[in-house]
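Engineer:
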Amino acid sequence: MPELPEVETIKRALTLGGRGGESVLGCQIIQADVLWPRTLQTPDIKTFKSRIEGQVIQSISRRAKYLLLHLDQDTMLMHLRMSGDVRVDALQNPSLALQKHDRLVLWFANQRRLVFNNPRKFGRVWLVSDPEDVLSELGPEPLDPDFTADQFYANLKRHKRQLKALLLDQHFLAGLGNIYTDEALFLAGLNPTMNTQYLKYEQGKRLFESIRTVLETGIRRNGASIDWVYRGGQFQNEFKVYGRRGKACYVCGSTIERIIVGQRGTHFCPECQNTRDTTLSMEE
DNA sequence: ATAAACGCCTGACGGC
DNA sequence: TGCCGTCAGGCGTTTA
4 MPELPEVETI KRALTLGGRG GESVLGCQII QADVLWPRTL QTPDIKTFKS
54 RIEGQVIQSI SRRAKYLLLH LDQDTMLMHL RMSGDVRVDA LQNPSLALQK
104 HDRLVLWFAN QRRLVFNNPR KFGRVWLVSD PEDVLSELGP EPLDPDFTAD
154 QFYANLKRHK RQLKALLLDQ HFLAGLGNIY TDEALFLAGL NPTMNTQYLK
204 YEQGKRLFES IRTVLETGIR RNGASIDWVY RGGQFQNEFK VYGRRGKACY
254 VCGSTIERII VGQRGTHFCP ECQNTRDTTL SMEE
């Protein structure tokens, strides 16, 4: 489910309230329950429960697709992977039933609870004293004001890979997923299969700006809501290529295609995104 | 270095 | 109705 804008939306809701829940800042954890043991990446359940109980949520942040709850002593990190979601329940009725696929619960002292729901069980939670233990291998944050188009292009040119596969690599750039990558490549007019070795500076700069534009638009729309999981986002109404196989391109009217790139379903306009590798051009 | 195949999971959807 | 294949917002490991 979540890419950078969706996790950012959840972060803001947990910080400021919204999405049907209240802010969890200042909430003290009185008990933790792990309903699906493999949710916990580290430490073991017994240590997790004893360490987290009593700590207060001091602040909340996001790094790439990770959500970070900063506690008194430790940081709890969550990665939602494909189908994770986080909600806050107010317990007017103390026995309010948990929901299907709830995997981890933090019970607060003020009659609330934070629940990690995760149908496909891919999501993971960490409790560590130093979040860098988990985050140290991540690439740059695309919206970091100190990250520049020149740096992005220089990084691109250190690889000879299919462009989309590189953008999805979290070591290269941290936060893009399948939807926003397809949308950014369309906005930049670049073919997802082209090799980065043929990318010109102007193309790289335009890609950098397109990535920022789609991420910022996604955040402004509170992320995208698709499939059976609803989070109140609206960005799905602005998809230009994702999920539009067989439909007409809004720009040129060509039929949007779906191919596989880097093991992922990939949507693009063959006319607007007809950049191609030099080698392929010579073969044609 | 790059990339493919596969594993991890549940559920929705379309075709027959 | 059931059954079946396909697809799904991610990522780690293993294998070429």
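Everything in the first sequence is counted per this note's numbering, starting at 4 for the first residue and increasing by one. In this text, a Cβ means the ideal position worked out from N, Cα and C, and glycines have one as well.
Mind the definition here: the region 17 to 24 touches the region 96 to 112 only if three or more C-beta pairs lie below 8 Å; say whether that holds.
Structural biologist: no
Engineer: Report the residue ranges of all alpha helix (DSSP H) runs contained in full by the region 42 to 94; include only those spanning at least 4 residues, in chain order.
Structural biologist: 48 to 55
Engineer: Can you give me the C-alpha to C-alpha distance between residue 203 and residue 195, rounded to a whole angstrom?
Structural biologist: 15 Å
Engineer: Using a threshold of 9 Å, state whether the C-beta atoms of residue 248 and residue 259 are closer than that.
Structural biologist: yes
Engineer: Tell me the DSSP secondary structure of residue 214 in three-state form.
Structural biologist: helix
Engineer: Would residue 130 and residue 43 be called neighbours here (beta carbons separated by less than 9 Å)?
Structural biologist: yes
Engineer: Between residue 120 and residue 201, what straight-line distance do the alpha-carbon atoms span, to the nearest angstrom?
Structural biologist: Inter-residue distance for residue 120 and residue 201 is about 43 Å (C-alpha atoms, whole angstroms).
Engineer: Could you work out which residue in 279, 212 and 111 is closest to residue 34 when comparing CA atoms only?
Structural biologist: For residue 34, the closest of 279, 212 and 111 by C-alpha to C-alpha distance is 111.
Engineer: Is it buried or exposed for residue 270, if we count other Cβ within 10 angstroms and need 16 for buried?
Structural biologist: Buried.
Engineer: Going by other Cβ atoms of all chains shown within 10 Å of its Cβ, with 16 needed for buried, is residue 276 buried or exposed?
Structural biologist: buried
Engineer: Quick check on DSSP: helix, strand or coil for residue 261?
Structural biologist: Here residue 261 sits in strand by DSSP.
Engineer: May I ask you to report which of helix, strand or coil DSSP gives residue 99?
Structural biologist: coil
Engineer: Between the alpha carbons of residue 256 and residue 192, how many angstroms are there, rounded?
Structural biologist: 15 Å
Engineer: Taking the alpha carbon of residue 77 as the point to measure from, which residue in 241, 60 and 215 has its own alpha carbon closest?
Structural biologist: Of the candidates 241, 60 and 215, 60 places its Cα closest to the Cα of residue 77.
Engineer: Near residue 222, which residues of its chain fall below 6 Å by C-beta distance, leaving aside the five closest residues on each side in sequence?
Structural biologist: Excluding residues up to 5 positions away in sequence, 8 and 11 lie with their Cβ nearer than 6 Å to the Cβ of residue 222 in the same chain.
Engineer: Considering only their Cβ atoms, is the gap separating residue 74 from residue 89 smaller than 9 Å?
Structural biologist: no
Engineer: Among residues of its own chain, excluding the 5 on either side of residue 274, which ones have a beta-carbon nearer than 7 Å to its beta-carbon?
Structural biologist: 252, 255 and 257
Engineer: Buried or exposed: residue 3, going by 16 or more other Cβ atoms within 10 Å of its Cβ?
Structural biologist: Residue 3 cannot be examined here, being either before or after the span of the chain that is shown, 4 to 287.
Engineer: Name the DSSP bridge partner or partners of residue 34?
Structural biologist: 110.
Engineer: Measure from the alpha carbon of residue 162 to the alpha carbon of each residue in 153, 150 and 175, then state which is nearest.
Structural biologist: 175
Engineer: Which residues mark the beginning and the end of the beta strand (DSSP E) in which residue 119 is found?
Structural biologist: Taken as a continuous stretch (DSSP letters only), the beta strand (DSSP E) holding residue 119 covers 115 to 120.
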